[in-house]
């Protein structure tokens, strides 16, 4: 089935699709050659069709090690073709935080949509949560990184 994880579907092909499920994430930003900002909406199946990362880490908000699966922010940006110096991430309650692009190493943050193999409810900080592999590097365990770990994420805006 096209658009599912493990297929050869490119990010561009995935993002050209229309969501058939509930929209979980809306991304807005500039794309080279476009006269106006572009908006992309993604549902769970579309997110699952993009490059994936899974890691186990502890967090300051949960008990014990947790396994998160999602799309690396760097892969999400590459799939959209959008450019910018930072992302303004917003939650469903309008909490927002700016995350500079240069702070995303290849092993960095993901837009997690699974925690311990299951979708996250709003009550469980879902349906989307920007999560870092906190246990992998000491610099991921800082006040700044924790503040960028936005849960109940629903919008990303690329800032020029």
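Residue numbers (the UniProt record's numbering): 1 to 160.
Every residue gets a Cβ at the ideal spot worked out from N, C-alpha and C, and that includes glycine.
### Query
For the region 46–54 against the region 69–76, are there 3 or more C-beta pairs whose distance is under 8 Å?
Touching, per the Cβ criterion.
### Task
Reducing DSSP to helix, strand and coil, say where residue 44 ends up.
Numbered from 1 along the chain shown, position 44 holds the residue referred to as residue 44. Assignment of residue 44 by DSSP, reduced to helix, strand and coil, places it in the helix class.
### Query
Count the other CB atoms within 10 Å of the CB of residue 118; is the residue buried (16 or more) or exposed (fewer)?
Locating residue 118 in the chain shown gives position 118, where the first residue counts as 1. Its Cβ having fewer than 16 others within 10 Å, residue 118 is exposed.
### Query
Is the region 62–69 touching the region 104–115 in the sense that three or more CB pairs, one from each, lie closer than 8 Å?
Yes, the region 104–115 touches the region 62–69.
### Query
Would residue 158 pass as a contact of residue 83 if the rule is Cβ separation under 8 Å?
Reading the chain shown from its first residue, position 158 is the one you call residue 158. Reading the chain shown from its first residue, position 83 is the one you call residue 83. Cβ distance < 8 Å, so residue 158 and residue 83 count as in contact.
### Task
Would you give the residue range spanned by the alpha helix (DSSP H) that residue 143 belongs to?
Numbered from 1 along the chain shown, position 143 holds the residue referred to as residue 143. From DSSP, the alpha helix (DSSP H) with residue 143 extends over 143–148.
### Task
Report all residues from its chain with a CB closer than 6 Å to the CB of residue 6; omit the five preceding and five following residues, and keep chain order.
As a working note, residue 6 is residue 6 in the chain shown. Note that residue 6 scores a pLDDT of 36, beneath 50, so its modelled location is shaky and nothing firm can be said.
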